[in-house]
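Taking it in order: structure first as structure tokens, then the write-up.
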Amino acid sequence: MAVTLAELAQRFQARLRGDGTIAISGVATLEAAGPGDLAYVSNPAYQKYLSGTRAGALVLNDADAGLYSGNALITANPQLCFARIAALFNPLPAVRPGRHPSAVIDAAARVAASAWIGPQAVIEGGAAVEDNVFIGPGCIVGQGAAIGADTRLIARVTVAHGCRIGRRCIVHPGAVVGSDGFGYAKDGERWVKVPQLGRVVVGDDVEIGANTAVDRGALGDTVIGDGVKLDNLVQIAHNVQIGEHTAMAGCVGVAGSAVIGKRCAIGGQVGIAGHLQIADDVTVMGTSLVGGSLTRPGVYSSSMPAEPAEQWRKNAARFRHLDEMAKRLKELERKIEQLFTQRDRS
Amino acid sequence: MAVTLAELAQRFQARLRGDGTIAISGVATLEAAGPGDLAYVSNPAYQKYLSGTRAGALVLNDADAGLYSGNALITANPQLCFARIAALFNPLPAVRPGRHPSAVIDAAARVAASAWIGPQAVIEGGAAVEDNVFIGPGCIVGQGAAIGADTRLIARVTVAHGCRIGRRCIVHPGAVVGSDGFGYAKDGERWVKVPQLGRVVVGDDVEIGANTAVDRGALGDTVIGDGVKLDNLVQIAHNVQIGEHTAMAGCVGVAGSAVIGKRCAIGGQVGIAGHLQIADDVTVMGTSLVGGSLTRPGVYSSSMPAEPAEQWRKNAARFRHLDEMAKRLKELERKIEQLFTQRDRS
Amino acid sequence: MAVTLAELAQRFQARLRGDGTIAISGVATLEAAGPGDLAYVSNPAYQKYLSGTRAGALVLNDADAGLYSGNALITANPQLCFARIAALFNPLPAVRPGRHPSAVIDAAARVAASAWIGPQAVIEGGAAVEDNVFIGPGCIVGQGAAIGADTRLIARVTVAHGCRIGRRCIVHPGAVVGSDGFGYAKDGERWVKVPQLGRVVVGDDVEIGANTAVDRGALGDTVIGDGVKLDNLVQIAHNVQIGEHTAMAGCVGVAGSAVIGKRCAIGGQVGIAGHLQIADDVTVMGTSLVGGSLTRPGVYSSSMPAEPAEQWRKNAARFRHLDEMAKRLKELERKIEQLFTQRDRS
Chain A
-17 MAVTLAELAQ RFQARLRGDG TIAISGVATL EAAGPGDLAY VSNPAYQKYL SGTRAGALVL
43 NDADAGLYSG NALITANPQL CFARIAALFN PLPAVRPGRH PSAVIDAAAR VAASAWIGPQ
103 AVIEGGAAVE DNVFIGPGCI VGQGAAIGAD TRLIARVTVA HGCRIGRRCI VHPGAVVGSD
163 GFGYAKDGER WVKVPQLGRV VVGDDVEIGA NTAVDRGALG DTVIGDGVKL DNLVQIAHNV
223 QIGEHTAMAG CVGVAGSAVI GKRCAIGGQV GIAGHLQIAD DVTVMGTSLV GGSLTRPGVY
283 SSSMPAEPAE QWRKNAARFR HLDEMAKRLK ELERKIEQLF TQRDRS
Chain B
-17 MAVTLAELAQ RFQARLRGDG TIAISGVATL EAAGPGDLAY VSNPAYQKYL SGTRAGALVL
43 NDADAGLYSG NALITANPQL CFARIAALFN PLPAVRPGRH PSAVIDAAAR VAASAWIGPQ
103 AVIEGGAAVE DNVFIGPGCI VGQGAAIGAD TRLIARVTVA HGCRIGRRCI VHPGAVVGSD
163 GFGYAKDGER WVKVPQLGRV VVGDDVEIGA NTAVDRGALG DTVIGDGVKL DNLVQIAHNV
223 QIGEHTAMAG CVGVAGSAVI GKRCAIGGQV GIAGHLQIAD DVTVMGTSLV GGSLTRPGVY
283 SSSMPAEPAE QWRKNAARFR HLDEMAKRLK ELERKIEQLF TQRDRS
Chain C
-17 MAVTLAELAQ RFQARLRGDG TIAISGVATL EAAGPGDLAY VSNPAYQKYL SGTRAGALVL
43 NDADAGLYSG NALITANPQL CFARIAALFN PLPAVRPGRH PSAVIDAAAR VAASAWIGPQ
103 AVIEGGAAVE DNVFIGPGCI VGQGAAIGAD TRLIARVTVA HGCRIGRRCI VHPGAVVGSD
163 GFGYAKDGER WVKVPQLGRV VVGDDVEIGA NTAVDRGALG DTVIGDGVKL DNLVQIAHNV
223 QIGEHTAMAG CVGVAGSAVI GKRCAIGGQV GIAGHLQIAD DVTVMGTSLV GGSLTRPGVY
283 SSSMPAEPAE QWRKNAARFR HLDEMAKRLK ELERKIEQLF TQRDRS
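Heads up: the protein sequence lines correspond to chains A, B and C, in order.
When we follow my numbering, the leftmost residue of the first sequence carries the number -17, and every step to the right adds one.
When we follow my numbering, the leftmost residue of the second sequence carries the number -17, and every step to the right adds one.
When we follow my numbering, the leftmost residue of the third sequence carries the number -17, and every step to the right adds one.
Right, here's the structure in full:
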């Protein structure tokens, strides 16, 4: 498929600069793009490649437009425009209706005729698989679980009994939705399991990364709001609630019953303690710990960048005496005050 | 099933208050419970829901009993009592004996007649699956591995060759028991693999979370004691030993040959370095690093809660000069001392 | 199989000390070894077991040779020598050519006659599986993916469409190679997916741990160099490049487009931010954060070992006022200077 640059400009509401008649047939990086490809710049680190690119055209914002004299689509949000054009040239493959003969589908499951059930998949009794759903190889949809229309479980995904996935979701390989929460009562030195009776309820347009785990609620449900994006190897404990359009990068861990607002951006490896609330529009820098509720929007951090180890160790050793240092500082202030007072008196 | 409140009180050794004749048929949260449901309070954060609850009865401790005037079971450990009653109303489904036709079971495997081997599962040669074991869909039990009686591998669990899982364990989807340890010798710039010849030996009543990985020992075994509970996405390296009834929350990483005591509680995302020992009854706060042996029971921490990023950055920048600050502080103390000495002399 | 100690010495270029005629038939730990076993010491912590060992012979370096008077192979790198001898006695089982009847192999896949495709595996169309490859139970090789000769996918591994794994690699259970990168453009409050069009290209002699995830590139490829070793539960984001012979311990997270040098050693739970460069021969201590480029070889750290929690909390509380403390310190220095100046003047 090829589309003229002018047509792309019109379709995606960008301003055309240069030759609108050239044919664009794909997208590529600045370095790899050829004359039929569209590329884009948003990260300033890549501006250095502008002069050398062989791309047919670039998507740029107004600020960068002056750095490049070739054909361009100019728009306020080049990444968004580029994402849409990339999807135009690389649509998700259509879901082929049917069931692979190796799939095990319980007679009491309800599978839409338009859905695809892949090889080695298992669909248990009472499960509901809606229109145009793609169940990839090796996926398991547990008893009474529901997969909303147009959702794709890529491969080896487990959706445990009774859990619900919304529409147009994508769940990546190895993800587990609906494992038991980590709930125990102490009986002397032994742990007694608290039955985990809730579900996971995932909204529409959610993406869940590879090997991410989302636990079912203990009594109520774990709730993942519409448009939430979870990266790989994220851990969501029981009864967590995540507000709409919040994104969490890789390796984030969220403890039980945390309630996280809408449109939050949680950096990689962040830890979020349990039984707290995070307001809407909170950003947390990677590797930080959210130890208590954050009641206001804003950017939060407790991340500590590495330094040469020898230097780091010296400072870290002092940290262990910081309280004592603070007390000594206060004592010095007192003494100095005393000396000044005496001087003024004399 | 419905049971009178009086019967529950007697069976679970709680003190009855109010109407013992009411029928209880399930458990629920304070907010969701109806007249036939039992609910409980242990976290003080939920006391606010007491006045509005429609629950038939509550499980409370003596301290909270005064806050609520309705029917109640009063006990020293409401969570434990509730867990047991919840299990009464929601027993694990009985294991249905048999083998799904799609399961691949080696002729040289020994599978108890009372066990269930689910769809798409693989049981390799020499494996032993004991009485009432549940092998869920997509699980793999490797050559010569052994699964103890009444254990449940929920789904997509891998137990590698030669590893042993005890009795009454629960292993959640995606968990891997017996992957090779991360052992290499350096040969110039190249890494040469050290064969990982040990096993994983898991005790009785252990629970292993979704997508958790437990490596086999290099020569000896990796050992998980009775009653240990591992949450999701936990990493246990080769030759680690975990003492009985220790619990580890999500995303904990334990490096090779660490020996961890009994009844420890390890918070989420904690890192534990290799070749160290942790005493019995140690609690480590979430996101901390255990960098050396902890020889005494107690609570340990190196967790740093996030602050507004601007403020955090200012403090973190100073941290890089903490050693220098400590030296300047000392120098000031010397100078002040000098001034005082001179004053006293004059 | 048994081999004389003299023969081992010759074959693995170690210096023989003692009785070269004894037969060695296996390897074991110092504690477990019997008269037919070889053991070794490299970690000084294990020297205490030297006196009690019943091993037929030990592998030692010159420094430790004096601590033990029995039969020995003496070599500069005992761990390397031991690894090779251990592999001699415990070779990987040969790959049995064939295809398990339960495997689903697309007619348009190319599978070498010498390869093994295990039970419940799925090989999609256009995939290439080269000579002597082992595809374990439950593995999925996606459309057009390529698995190089002598590589082993142990079990339940997913290699997504179009990705390439080199020769002699080992990929452990649950690992995912080629999941979509975490790429979105913002459209108001909603996230719009950026199609992830690149591949993962894995070199030769790479090992990838259990439940590790490696995302495909957004446009270009994610590249894992020859000889790289990734432990369990590692997250590699899109377009990351990892140089040859770099090793990463468990739970490391690497954000998008990070370029990591050769022969680096990245400790457990380290976080590496995106769009940065790490030089060759960099070591990062466990749990540290690499927040910016590291342009020189060396050891880096931001790890903070745990202390008793009460003590830790006191110091951490002071940390929140570190900037203010630094300012107070400076003010004190100014005042002291003033007092000294006055004294000198008077």
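The beta-carbon is built from N, C-alpha and C at its ideal position, and this holds for glycine as well.
Within 7 Å of any Cβ in chain C, is that where the Cβ of B:A137 sits? no
Does the beta carbon of C:P101 come closer than 7 Å to any beta carbon on chain B? yes
Residue closest to A:A142, alpha-carbon to alpha-carbon, out of A:C151, A:R150, A:I129, A:R149: A:I129
Where are the alpha helix (DSSP H) runs, 4 residues long or more, that stay fully inside the segment 100 to 135 of chain A, in chain order? none
State buried or exposed for C:R146, treating a residue as buried only when at least 16 other CB atoms are found within 10 Å of its CB. buried
Hey, could you find the ends of the alpha helix (DSSP H) C:K244 is sitting in? Note, C:K244: premise wrong, no alpha helix (DSSP H); not H, not E.
Any 3 or more C-beta pairs closer than 8 Å across the segment 8 to 19 of chain C and the segment 27 to 46 of chain C: Output reads yes: the segment 27 to 46 of chain C touches the segment 8 to 19 of chain C.
Tell me the residue span of the beta strand (DSSP E) that contains A:I206. 204 to 206
Determine the chain B residues that contact C:K211 at a beta-carbon separation under 8 Å, and present them in chain order. In chain order: F164, Y166, W173.
Let me know the secondary structure DSSP gives A:D46 once reduced to three states. Per DSSP, reduced to three states, the secondary structure at A:D46 is helical.
Return the residue from the list A:V23, A:S275, A:I87, A:V139 that minimises the CA-CA distance to A:G118. Ranking the options by Cα distance to A:G118, first place goes to A:V139.
Please state whether the Cβ-Cβ distance between C:G238 and C:G202 is less than 7 Å. no
Local conformation of B:I67 per DSSP, three classes: helix
Whole angstroms is fine: what's the gap from A:R150's alpha carbon to A:T133's? Approximately 4 Å between the Cα atoms of the pair.
Thinking B:G207 and B:E189 are a contact (beta carbons under 8 Å), I'd like their distance in whole angstroms, please. So it is not a contact: roughly 13 Å between Cβ atoms.
Thinking just about the alpha-carbon of each residue, which of B:E315, B:P287, B:F322, B:K309 is nearest to the one in C:R302? The option with the nearest alpha carbon to C:R302 is B:P287.
Only counting runs of 3 or more residues, tell me where the beta strand (DSSP E) segments fall wholly within the segment 246 to 324 of chain A, in order along the chain. 264 to 266, 280 to 283
What residues match up with B:V196 in a beta bridge as DSSP calls it? B:V159, B:I218
Using a C-beta to C-beta distance shorter than 7 Å, which residues of chain F count as neighbours of A:S270? In summary, chain F is missing from the structure at hand, where the protein chains are A, B and C.
Tell me B:L20's beta-bridge partners as DSSP assigns them. Note: B:L20 is bridge-paired with B:V9, B:A39 in the DSSP secondary-structure output.
Rounded to whole angstroms, what's the CA-CA distance from B:T277 to B:Q259? Just pull it up for me. For B:T277 and B:Q259, the distance between alpha carbons rounds to 7 Å.
For A:A(-12), name the three-state secondary structure that DSSP assigns. If DSSP states are grouped into helix, strand and coil, A:A(-12) belongs with the helices.
Give the straight-line distance between the Cα atoms of C:K317 and A:I318, rounded to the nearest whole angstrom. Cα-Cα distance, rounded: 8 Å.
Leaving out the 5 sequence neighbours to the left and right, which residues in its chain are closer than 6 Å to B:G232 when beta-carbon positions are compared? D213, N214, L215, G250
For B:M267, which residues of its own chain have a beta-carbon under 6 Å away from its beta-carbon, when the five flanking residues on both sides are left out? G249, S283, S285
Distance check for A:A261 and C:A308, CA to CA, integer angstroms please. 32 Å
Please name the residues in the segment 250 to 267 of chain A whose beta-carbon is closer than 7 Å to at least one beta-carbon of chain B, in chain order. G253, A255, H257, V266, M267
In the DSSP assignment, the beta strand (DSSP E) including B:Y31 goes from what residue to what residue? Neither: B:Y31 is in no beta strand (DSSP E) and is coded neither H nor E.
Is the beta carbon of B:E112 sitting closer than 7 Å to the one on B:A137? no
Assuming A:A217 and A:A195 form a contact by the criterion Cβ under 8 Å, report the distance between their Cβ atoms to the nearest whole angstrom. As written in the sequence, residue 217 of chain A is Gln, which differs from the Ala given in the question. Going by Cβ atoms, the distance from A:Q217 to A:A195 rounds to 5 Å, so yes, they are a contact pair.
Span of the beta strand (DSSP E) around B:I169: Sequence check: residue 169 of chain B is Asp here, not Ile. Here the beta strand (DSSP E) through B:D169 covers 166 to 169.
How far does the beta strand (DSSP E) with A:I4 in it reach, from first residue to last? Run containing A:I4: none; DSSP gives neither H nor E here.
So which residues of chain C does A:P26 contact, with C-beta pairs closer than 7 Å? Think of a sphere of 7 Å around the beta carbon of A:P26: no beta carbon from chain C falls inside it, the nearest being about 10 Å out.
For C:V183, report the span of its beta strand (DSSP E) as first-last. 182 to 184
Report the neighbours of A:R318 on chain B: residues whose CB is nearer than 8 Å to its CB, in chain order. At residue 318 of chain A the sequence reads Ile, which differs from the Arg that was named. Neighbours of A:I318 on chain B, chain order: I318.
Under 7 Å between C-beta atoms, does B:H220 make it to chain A? no
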